[in-house]
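Residue numbers (the numbering used here), protein chains in the order written: chain D, 1 to 280; chain A, 1 to 289.
A short worksheet on the structure shown next.
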Amino acid sequence: MTKKPIISLNDVCFQYDGQDNYALHSVTFDIYEGEWLAIVGHNGSGKSTMAKLLNGLQFPNQGKITVCGLPLTEENVWDIRKQLGMVFQNPDNQFVGTTVEDDVAFGLENMGIPREEMVLRVQDSLKKVKMEQFLYQEPHHLSGGQKQRVAIAGVLALSPSIIILDEATSMLDPRGREEVLEVVRDLKNENRLTVISITHDLEEAAKADRIIVMNKGEVYREGTPEEIFSMDEELIKLGLDIPFSVKIGKAFRQKGIDLPKHYLTEEELVTELWTSHSHK
Amino acid sequence: MDISLSQVEYRYQANTPFERIAIQDVSIDIPTGTYLALIGHTGSGKSTVLQHLNALLVPTEGTVKIGEHEIKSHQKNKNLREVRQKVGIVFQFPEHQLFEETVEKDIIFGPMNFGVSEKEAKARAREALKQVGLGEEILEKSPFDLSGGQMRRVAIAGVLAMNPDVLVLDEPTAGLDPRGRNEIMEMFYTLHKKRNLSTILVTHSMEDAAKYADQIVIMQRGRVMKKGTPTEIFSSPSELVKMGLDVPEVVRFQMKLEQKLSVKLDKVYLSIEELSSAVAELLGRGVRT
């Protein structure tokens with residue numbers, strides 16, 4: 001895959017009114033087309049501010065953001081939002097329609113899409129998130145995971161090239177979380193979507209293509225999941241965690257079991273133990 | 001304060017066409033000092049059980065005993081005020097319930113509402129803030145200027161300032177970062193031990209249930225499916241998996257490893273430390289596969 005930046009941040013600074021500290025300070029990085037980027041950091045590290053800047057809910061005090069080749073300014077913000085869909089944390093705060101169908105149609109209505117096309121797009125997007133059977137259901141009949149999938153369908157209907165998940169799974173139970181992530185993973189593979197996931201679920205981040213660690217408003221580290229999770233104790237000091245397989249791998253090493261590297265999934269670790277330590 | 005539920009049933013909108021049974025035949029004993037974890041899927045009836053613990057809901061069948069108070073259907077239940085003073089509930093996302101102009105006013109609202117003097121309530125507010133790890137300097141701030149994690153702590157302080165005997169925690173760490181999660185869970189555990197509280201934790205986290213609870217109750221479709229100590233509950237992990245529930249990461253890992261190596265360890269281990277020792281010993285002896 002050739003790396004083509006779809007979003008670039010260049011020396012971005014942002015300060016909320018009345019606050020002494022910068023919420024974001026001198027942030028520079030690129031997000032590449034088609035990648036799954038996880039942005040992790042403790043509460044208050046600047047992750048969510050970043051999400052607000054990326055779709056123009058706030059504008060930087062300094063520095064430049066470019067999305068799909070366009071500088072992110074007040075003039076361009078509406079064109080840019082067509083390219084960039086966002087799913088927020090709370091499933092109950094982003095359901096605007098009285099039925100699933102109305103909810104997904106909301107964004108399309110706003111854009112003045114003709115009715116015939118709208119009907120098709122609504123059905124198609126709901127199919128993609130496996131919610132096509134819930135067309136006429138009311139939101140309070142849905143689980144948290146189902147509501148978030150409808151929110152994603154609402155975003156997909158506008159056919160964006162980028163989707164931002166702003167802690168979109170943090171209020172869901174484990175099953176809901178898995179449902180949502182599975183849907184996004186399938187979508188990414190089929191449509192060449194770029195996925196930006198702002199999260200403190202480290203198991204989820206372990207499956208991303210790349211991770212950016214934020215700390216106190218700055219980019220602390222950038223790398224592949226292997227690189228990031230080899231930071232080990234340093235991550236815990238930053239208020240984060242490491243995936244279970246890395247944790248138990250470390251305990252094994254302390255007990256004298258020889259392991260050549262970090263394993264980001266339990267399957268890899270189990271296989272390693274099987275091949276090098278017991279295979280006869 | 002001892003709490004017991006015996007054969008509790010609750011129907012929403014009873015005697016209407018919308019009637020729906022939320023929980024049935026639920027019997028749980030929670031003696032003083034117990035740390036109980038309540039586990040189950042969304043919709044399994046956990047929240048309905050929780051609302052019985054301070055008589056926000058009155059059972060449609062069966063009895064709830066909270067200390068000296070007996071709460072039954074078809075009878076006038078008096079003095080619920082006292083019950084509610086003794087049972088503090090930290091609801092999900094409690095920061096959504098902050099409403100006062102300053103942190104101090106928000107924390108003292110509960111105690112004063114129950115007749116505690118302003119002076120005493122203010123003293124409790126300071127104590128409660130210390131317990132949740134915040135400094136007195138935020139007392140005069142607006143709760144809405146705080147970060148999400150701080151707001152959560154202030155809301156919890158508001159419950160602690162009531163000096164409850166029983167703490168009911170509904171997913172108290174949802175949405176927090178790993179450090180915040182750990183700090184809050186440790187804080188509750190310390191308080192539980194120090195004040196000999198009864199603590200009831202509603203959670204999706206099998207890690208927390210395994211780590212903190214003395215007793216675990218698993219709810220499914222409005223009924224108690226299983227109860228026991230963490231060791232009892234997790235000793236048959238495949239049963240839980242079949243029910244569509246998670247098991248602690250350590251237990252899941254042990255299952256995967258046992259399957260791959262075609263061995264069975266002597267028991268189910270609930271901590272990384274114990275499991276890694278057991279595996280090291282096993283591999284040191286040499287596994288025959």
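For glycine and all other residues, C-beta sits at the position ideal for the given N, C-alpha and C.
Keep in mind the model is a prediction, meaning the values are calculated, not measured.
Less than 8 Å separating the beta-carbons of Val87 of chain A and Val202 of chain A?
-> Your numbering for residue 87 of chain A matches position 87 in the second sequence. Your numbering for residue 202 of chain A matches position 202 in the second sequence. Cβ distance not < 8 Å, so Val87 of chain A and Val202 of chain A don't count as in contact.
Classify His192 of chain A as helix, strand or coil using the three-state DSSP reduction.
-> Translated into positions along the second sequence, residue 192 of chain A becomes position 192. In this structure, His192 of chain A counts as helix in the three-state DSSP scheme.
N- and C-terminal bounds of the beta strand (DSSP E) containing Gln7 of chain A | Reading the second sequence from its first residue, position 7 is the one you call residue 7 of chain A. Counted as a single uninterrupted DSSP element, the beta strand (DSSP E) harbouring Gln7 of chain A occupies residues Ile3 to Tyr12.
Is the beta carbon of Ile71 of chain A less than 8 Å from the beta carbon of Ala209 of chain A?
-> In the second sequence, counting from the first residue as 1, residue 71 of chain A sits at position 71. In the second sequence, counting from the first residue as 1, residue 209 of chain A sits at position 209. Taking 8 Å as the cut-off, the beta carbon of Ile71 of chain A is found no closer than this to the beta carbon of Ala209 of chain A.
Identify the residues that DSSP records as bridge partners of Trp36 of chain D: which are they?
-> Along the first sequence, one-based indexing puts residue 36 of chain D at 36. Answer by DSSP bridge pairing, in chain order: D:Val195.
Is His69 of chain A helix, strand or coil when you go by DSSP?
-> Mapped onto the second sequence, residue 69 of chain A falls at position 69. Collapsing the DSSP output to three states places His69 of chain A in a strand.
Can you tell me the Cα-Cα spacing of Gln220 of chain A and Asp25 of chain A, whole angstroms?
-> For this step, residue 220 of chain A is matched to residue 220 along the second sequence. For this step, residue 25 of chain A is matched to residue 25 along the second sequence. Spanning the alpha carbons of Gln220 of chain A and Asp25 of chain A requires a straight line of approximately 12 Å.
Spatial neighbours of Gly107 of chain D in its chain, beta-carbon cut-off 7 Å, leaving aside the 5 residues before and after = Counting from one through the first sequence, the residue named residue 107 of chain D turns up at place 107. Closer than 7 Å at the Cβ level, and outside the excluded window around Gly107 of chain D, lie Gly154, Ala157 and Leu158.
Near Met112 of chain A, which residues of its chain fall below 6 Å by C-beta distance, leaving aside the five closest residues on each side in sequence?
-> Locating residue 112 of chain A in the second sequence gives position 112, where the first residue counts as 1. If we look at Met112 of chain A and ignore the five residues flanking it on each side, its Cβ neighbours are Ala121.
Rounded straight-line distance, which links the Cα of Val104 of chain D to that of Leu165 of chain D | One-based indexing of the first sequence puts residue 165 of chain D at position 165. One-based indexing of the first sequence puts residue 104 of chain D at position 104. Between Leu165 of chain D and Val104 of chain D, the C-alpha separation is close to 17 Å.
Short Cβ contact (8 Å threshold) for Lys284 of chain D with Val180 of chain D = Here chain D comprises residues numbered 1 to 280, so residue 284 of chain D is not present and cannot be evaluated.
How big is the Cα-Cα spacing for Met225 of chain A and Phe234 of chain A?
-> The sequence position of residue 225 of chain A within the second sequence is 225, counting from 1. The sequence position of residue 234 of chain A within the second sequence is 234, counting from 1. Cα to Cα, the separation comes out at about 14 Å.
Per DSSP, cross-strand counterpart(s) of Asp106 of chain A = Residue mapping note: residue 106 of chain A aligns to position 106 of the second sequence, counting from 1. In the DSSP assignment, Asp106 of chain A is bridged to no other residue.
Neighbour list for Leu283 of chain A in chain D, Cβ cutoff strictly below 8 Å | Indexing the second sequence from 1 puts residue 283 of chain A at position 283. Chain D residues near Leu283 of chain A: Ile257, Leu273, His277 and Ser278.
How would you list, in chain order, the residues of chain A whose beta-carbon sits under 7 Å from the beta-carbon of Met171 of chain D?
-> Locating residue 171 of chain D in the first sequence gives position 171, where the first residue counts as 1. Going along chain A in sequence order, the residues near Met171 of chain D (Cβ under 7 Å) are Ala174 and Gly175.
Residues in the segment 246-271 of chain A having any Cβ partner in chain D nearer than 7 Å = Result list: Asp246, Glu249, Phe253, Lys256, Leu257, Lys260 and Leu261.
Phe114 of chain A to Gly41 of chain D span [Cα, whole Å] = Position 114 of the second sequence, counted from the start, is the residue given in the question as residue 114 of chain A. Position 41 of the first sequence, counted from the start, is the residue given in the question as residue 41 of chain D. Their Cα atoms are separated by approximately 40 Å.
In three-state DSSP terms, what is His140 of chain D?
-> Numbered from 1 along the first sequence, position 140 holds the residue referred to as residue 140 of chain D. Here His140 of chain D carries a helix assignment [DSSP, helix/strand/coil].
For Lys264 of chain A, collect the residues of the same chain with a Cβ closer than 8 Å to its Cβ; drop the 5 residues on either side in sequence, then sort them by chain order.
-> Position 264 of the second sequence, counted from the first residue, corresponds to residue 264 of chain A. Only Glu258 meet the Cβ criterion.
Please determine, among D:Glu272, D:Phe14, D:Thr265 and D:Ser245, the residue with the shortest C-alpha to C-alpha distance to Asp258 of chain D.
-> Residue numbering aside, residue 258 of chain D sits at position 258 when the first sequence is read from its first letter. Between Asp258 of chain D and the set D:Glu272, D:Phe14, D:Thr265 and D:Ser245, the nearest pair of CA atoms involves D:Glu272.
Quick one: using the 10 Å Cβ neighbour count with 16 as the cut-off for buried, is Ser117 of chain A buried or exposed?
-> As a position in the second sequence, residue 117 of chain A is number 117, starting the count at 1. Per the 10 Å Cβ criterion, exposed.
Terminal residues of the alpha helix (DSSP H) in which Val159 of chain A lies | The residue given as residue 159 of chain A occupies position 159 in the second sequence. That run of the alpha helix (DSSP H) goes Gly148 to Leu160.
Report the rounded CA-to-CA distance for Val166 of chain A versus Gly284 of chain A, giving the unit in angstroms.
-> Counted from its first residue, the second sequence places residue 166 of chain A at position 166. Counted from its first residue, the second sequence places residue 284 of chain A at position 284. Approximately 47 Å, taken between the alpha carbons.
Could you list which residues in chain A have their beta carbon closer than 7 Å to that of Pro225 of chain D, in chain order?
-> What you label residue 225 of chain D is simply residue 225 of the first sequence in a count that begins at 1. Residues of chain A whose Cβ lies closer than 7 Å to the Cβ of Pro225 of chain D do not exist, since the nearest Cβ in that chain is about 16 Å away.
In chain order, what residues of the same chain lie with their CB nearer than 7 Å to the CB of Glu101 of chain D, ignoring the 5 residues before and after it?
-> Indexing the first sequence from 1 puts residue 101 of chain D at position 101. Result list for Glu101 of chain D: Val122, Leu135 and Tyr136, in chain order.
Have a look at Asp2 of chain A and His69 of chain A and give me their C-alpha separation to the nearest angstrom.
-> Within the second sequence, numbered from 1, the residue matching residue 2 of chain A stands at position 2. Within the second sequence, numbered from 1, the residue matching residue 69 of chain A stands at position 69. Each residue's Cα considered, the two are about 10 Å apart.
Would the beta-carbon of Val279 of chain A fall within 8 Å of that of Phe252 of chain D?
-> Residue 279 of chain A sits at position 279 when you count from the first residue of the second sequence. Residue 252 of chain D sits at position 252 when you count from the first residue of the first sequence. The answer is yes: Cβ separation under 8 Å.
Please state if the CB of Ile6 of chain D and the CB of Ser161 of chain D are separated by a distance shorter than 8 Å.
-> The residue given as residue 161 of chain D occupies position 161 in the first sequence. The residue given as residue 6 of chain D occupies position 6 in the first sequence. Between Ser161 of chain D and Ile6 of chain D, the gap from beta carbon to beta carbon is short of 8 Å.
Cβ atoms of His200 of chain D and Pro178 of chain A: under 8 Å apart, would you say?
-> On the second sequence, residue 178 of chain A is found 178 positions in, with the first residue counted as 1. On the first sequence, residue 200 of chain D is found 200 positions in, with the first residue counted as 1. Yes, these two residues count as a Cβ contact at 8 Å.
Look at the alpha carbon of Met151 of chain A and the alpha carbon of Met185 of chain A, and state the distance between them as a whole number of angstroms.
-> For the purposes of this step, residue 151 of chain A is taken as the residue at position 151 of the second sequence. For the purposes of this step, residue 185 of chain A is taken as the residue at position 185 of the second sequence. Inter-residue distance for Met151 of chain A and Met185 of chain A is about 16 Å (C-alpha atoms, whole angstroms).
Comparing alpha-carbon positions, which option in A:His204, A:Val217 and A:Ile89 lies nearest Leu197 of chain A?
-> Taking the second sequence and counting its residues from 1, one reaches residue 197 of chain A at position 197. Among A:His204, A:Val217 and A:Ile89, the Cα nearest to that of Leu197 of chain A belongs to A:Ile89.
Roughly how many whole angstroms lie between the Cα atoms of Met171 of chain D and Glu227 of chain D?
-> Here residue 171 of chain D corresponds to residue number 171 of the first sequence, with the count starting at 1. Here residue 227 of chain D corresponds to residue number 227 of the first sequence, with the count starting at 1. Distance between the alpha carbons of Met171 of chain D and Glu227 of chain D: 28 Å.
Which chain A residues sit within Cβ distance under 8 Å of Leu240 of chain D?
-> For this step, residue 240 of chain D is matched to residue 240 along the first sequence. The contacting residues are Asp177, Pro178 and Arg179.
Just the Cα atoms here: how many angstroms apart are Gln62 of chain D and Gly223 of chain D?
-> In the first sequence, residue 62 of chain D corresponds to position 62, counting from 1. In the first sequence, residue 223 of chain D corresponds to position 223, counting from 1. Computed Cα separation, rounded: 25 Å.
What separation, rounded to the nearest whole angstrom, lies between the Cα atoms of Arg288 of chain A and Ser262 of chain A?
-> The residue you call residue 288 of chain A lines up with position 288 of the second sequence. The residue you call residue 262 of chain A lines up with position 262 of the second sequence. Confidence in Arg288 of chain A is poor, its pLDDT being 48 and thus under 50, which makes the residue's placement unreliable; the coordinate value appears in the next sentence. Rounded to whole angstroms, Arg288 of chain A to Ser262 of chain A spans 9 Å at the Cα level.
Helix, strand or coil: which one does DSSP assign to Glu171 of chain A?
-> By 1-based counting over the second sequence, the position of residue 171 of chain A is 171. Residue state, collapsed to three classes: coil.
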